[in-house]
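Take a look at the structure below.
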Amino acid sequence: MKIGITCYPSMGGSGIIATELGIKLAERGHDIHFITSNIPFRLRKPLPNITFHQVEVNQYAVFQYPPYDITLSTKIAEVIDEYDLDILHMHYAVPHAVCGILGKQMSRKQNVKIITTLHGTDITVLGYDHSLKNGIKFGIEQSDIVTSVSHALARQTHEIIKPNKDIYTVYNFVRETEFETKHDESLKPYYNIEPDEKVLIHVSNFRKVKRIDTIIDTFAKVNQEVSSKLLLLGDGPELMDMKEKAREMGLEDRILFLGKQEWISEFYQLADIVLLLSEKESFGLTLLEAMKTGVVPIGSDAGGIKEVIKHGETGYVVEIGDSDTASRHAIRLLQNPKLYQNMQDNMLKDITERFSSDLITDQYEYYYKLMLEGNYD
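According to full-length UniProt numbering, the residues represented by the sequence shown are 1 to 377, in order.
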């Protein structure tokens with residue numbers, strides 16, 4: 001198959017999944033064409049059947065803002081025609097699905113099929129904007145097949161957007177070669193972490209919705225019972241406030257703000273517990289990445305998190321904002337090696353059964369074939 005993929009090429013979860021899926025599909029022999037503003041950051045090695053097509057947006061005085069949507073649609077049409085694409089896989093309903101639909105209409109090939117994957121922000125944030133809701137609904141309903149990264153997101157889409165369209169859940173995955181299951185403490189001395197100290201970790205874009213304050217509150221309670229450090233990776237609008245909170249609580253020497261990091265897997269290998277206590281989360285890819293590395297998770301009951309974690313079997317799920325319960329679970333895990341080992345074993349088995357890269361790629365290939373055969377209505 002000849003497949004065009006459009007996504008945000010940054011380090012966000014949607015861009016990661018889109019890129020990793022493209023690589024997996026290329027390794028299976030499909031011709032993959034990334035149509036994006038920049039080379040996706042996970043596209044690190046050359047493959048002969050992966051082509052990158054850059055969308056370059058020029059600024060014109062007639063436009064108040066650079067015309068990204070029109071430029072992207074035009075580039076999609078060019079790639080469809082030049083490479084005779086069979087399928088467009090658009091990650092996000094707005095703007096990408098809408099641009100894919102317009103690009104198809106511009107092109108000479110009107111039978112190209114469009115599959116759209118919803119990742120969350122296009123629904124849980126943009127979906128509440130009345131100026132965008134009809135555009136999102138149009139992008140969903142005009143796609144041939146629509147998938148979402150969790151059942152929770154599919155339900156939210158029907159509640160908020162109310163599209164006349166079935167939405168199929170296809171979970172996210174992690175590349176097994178990118179996140180190895182091992183615990184490597186060789187970096188500990190570089191960050192002044194003592195050999196006997198336990199490590200908790202959180203990775204995000206430091207927005208209010210991520211509830212970094214709850215994570216710090218949880219860690220403060222854990223640190224009273226267990227000698228430990230908290231690694232906070234990422235950057236964003238809440239960063240300075242959270243640094244101030246750590247200072248006010250006297251934890252500036254126990255909490256390490258490490259900024260954005262590209263090789264996140266090496267930090268997961270230091271960690272014992274990963275925390276994701278968001279108030280909104282469509283899936284929680286950082287959880288899955290950490291879990292594949294062997295780190296046991298504690299998450300909130302927001303959105304898709306409770307689909308990733310099986311409570312009491314592969315980790316723990318707590319109510320949003322409940323740092324007391326989260327800290328009790330963490331302390332119990334860190335003080336009970338047998339419990340930790342059993343939960344880690346269950347977790348790694350579950351990842352293989354539900355979130356392997358081959359399994360998820362198989363599911364996408366199934367929907368691609370349905371579209372090409374015309375059996376998806």
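The beta carbon of each residue, even a glycine, is placed where N, CA and C say it ideally should be. Computed from a prediction, not measured in an experiment: that's the story for all the values here.
- For Gln-341, the uninterrupted alpha helix (DSSP H) segment begins and ends at 337 to 354.
- If you draw a 10 Å sphere on the C-beta of Ile-39, you find fewer than 16 other C-beta atoms in it, and that means exposed.
- In chain order, Asp-235 place their CB closer than 6 Å to the CB of Gly-259, counting only its own chain and leaving out the 5 sequence neighbours on each side.
- The beta carbons of Phe-41 and Ser-10 sit closer together than 8 Å.
- Taking a C-beta distance under 8 Å as the contact criterion, Leu-118 and Ser-148 qualify as a contact pair.
- Burial is judged here by how many other beta carbons sit within 10 angstroms of a residue's own beta carbon; Ile-70 has fewer than 16 and is exposed.
- Boundaries of the beta strand (DSSP E) harbouring Thr-6: 2 to 6, taken from the DSSP string.
- In this model, Asp-241 and Tyr-316 are separated by some 27 Å (Cα to Cα).
- Within the UniProt domain "Glycosyl transferase family 1" (191 to 346), the complete alpha helix (DSSP H) segments of 4 residues or longer fall at 212 to 225, 239 to 248, 264 to 268, 285 to 292, 305 to 308 and 323 to 335, listed in chain order.
- Assignment of beta strand (DSSP E) within the stretch 37 to 71, counting only whole runs of 3 or more residues, yields 50 to 54 in chain order.
- In the three-state DSSP reduction, Tyr-168 falls in the strand class (E or B).
- Within the same chain, Ser-107, Arg-108 and Lys-109 come within 8 Å of Asp-81 by CB-CB distance, once the 5 residues on both sides are set aside.
- Membership of His-158 in the alpha helix (DSSP H) is indicated by the continuous run 151 to 160.
- Inter-segment contact for the stretch 217 to 225 and the stretch 177 to 191 is absent: fewer than three beta-carbon pairs are separated by less than 8 Å.
- Each of Lys-104, Leu-239, Glu-185 and Thr-177 was checked against the Cα of Arg-207, and the nearest Cα belongs to Leu-239.
- Taking Gly-135 as the centre and dropping the five residues before and after it, the same chain places the C-beta of Val-94 and Val-98 closer than 7 Å to its C-beta, in chain order.
- Bounds of the beta strand (DSSP E) holding Val-146 are 145 to 148.
- Pairing Lys-245 with Leu-232, the inter-Cα distance amounts to about 13 Å.
- Taking C-beta separations shorter than 7 Å and ignoring five residues to either side along the sequence, the partners of Glu-141 in its chain run Pro-163, Asn-164 and Lys-165, following chain order.
- In the three-state reduction of the DSSP assignment, Thr-177 falls in the coil class, being assigned neither a helical nor a strand state.
- One alpha carbon belongs to Val-203, the other to Ser-300, and they sit about 15 Å apart.
- Around the beta carbon of Lys-45, a 10 Å sphere encloses fewer than 16 other beta carbons of the protein chains shown; the residue is thus reported as exposed.
- In the DSSP assignment, Lys-113 falls within the beta strand (DSSP E) that extends over 113 to 118.
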